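**Student:** Anchor point for the sequence shown: position 4 equals 26 in this note's numbering, and the numbering is continuous, going up by one each time. Where is the CB? At the ideal position from N, CA and C, for every residue including glycine. Since this is a predicted model, take the numbers as computed values, not measurements. Provided herewith is a single structure, encoded as C-alpha cells, for subsequent inquiry.
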Amino acid sequence: IKMSETEKDKIVYDNENEDTYEVVEGDRGYSSIAKKIGTTQSVLTKLNGVKVIHPGDKLKYKKAHLEQYIPGWLLFTPENIQKQYNIDPTKAQPGHRGDHTYADKIRFTYALIVADESK
Numbered sequence: 023i024k025m026s027e028t029e030k031d032k033i034v035y036d037n038e039n040e041d042t043y044e045v046v047e048g049d050r051g052y053s054s055i056a057k058k059i060g061t062t063q064s065v066l067t068k069l070n071g072v073k074v075i076h077p078g079d080k081l082k083y084k085k086a087h088l089e090q091y092i093p094g095w096l097l098f099t100p101e102n103i104q105k106q107y108n109i110d111p112t113k114a115q116p117g118h119r120g121d122h123t124y125a126d127k128i129r130f131t132y133a134l135i136v137a138d139e140s141k
C-alpha cells in the first residue's frame, strides 16, 4: 500500500497573453482582483511586485489558475504516517515536538487490526 506525498499547488497559465487591469474603487487587494479577472494572487505579485494599490493603478496579469498535484508516493509505513499526520521527528522544534511515540502507536494499532482480520 502506498500513500501520497502532501499535495502541492502549481500555477497553470490559460494563455501567455499579458493583459492590463485598472484598479477600481472597492478593490481590496490582489486576492479580490485575482478572483474578478481570472488569475491568481501569486501571478499578480510576480508581475507587479508587492505594493499598496489605489484606484487608477494599472496591474499586469495573465489568465491563470491553480491545480493541485501529487508530487510522488510513499510507502505506507508507521514512520511515514507519523511524518504526514504528526510531526517529522527530524524537523521537530522545541515547543512543537509532536508525539514522538506516534509511530509506535500506529504499529500497535495496525497489529491489532491485522490480528482481528485473521480471526
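Alpha carbon to alpha carbon, how far is Tyr52 from Leu66?
**Tutor:** Straight-line Cα distance between these residues: approximately 7 Å.
**Student:** Consult DSSP for Val65 and reduce its assignment to one of helix, strand or coil.
**Tutor:** Residue state, collapsed to three classes: helix.
**Student:** Going by beta carbon distance, what residues of the same chain come within less than 8 Å of Leu88, once the five residues before and after it are set aside?
**Tutor:** These residues qualify, in order along the chain: Asp31, Lys32, Ile33, Val34, Thr62.
**Student:** Can you name the residues that DSSP bridges to Asp31?
**Tutor:** DSSP output for Asp31 lists Gln90 as bridge partner(s).
**Student:** What residues match up with Gln106 in a beta bridge as DSSP calls it?
**Tutor:** BP columns for Gln106 are empty, so no partner.
**Student:** Looking at Pro77: is its Cβ nearer than 8 Å to the Cβ of Glu47?
**Tutor:** In contact: Pro77 and Glu47 (Cβ atoms closer than 8 Å).
**Student:** Would the beta-carbon of Thr112 fall within 8 Å of that of Lys82?
**Tutor:** Not a contact, by the Cβ cut-off of 8 Å.
**Student:** Exposed or buried, what is Ala137 when buried is set at 16 or more other beta-carbons lying within 10 Å of its beta-carbon?
**Tutor:** With fewer than 16 Cβ atoms within 10 Å of its Cβ, Ala137 is classed as exposed.
**Student:** Go ahead and label Gln90 buried or exposed: buried means 16 or more other beta carbons lie within 10 angstroms of its beta carbon, across all protein chains shown.
**Tutor:** The residue is exposed, with fewer than 16 neighbouring Cβ atoms inside 10 Å.
**Student:** For Gly60, I'd like the list of residues in its chain whose CB is within less than 7 Å of its CB, leaving aside the five on either flank, ordered along the chain.
**Tutor:** Correct list, in chain order: Lys85.
**Student:** With distance defined between alpha-carbon atoms, name the residue in Leu69, Gln115, Pro93, Glu139 nearest to Asn39.
**Tutor:** Measuring from the Cα of Asn39, the nearest candidate turns out to be Leu69.
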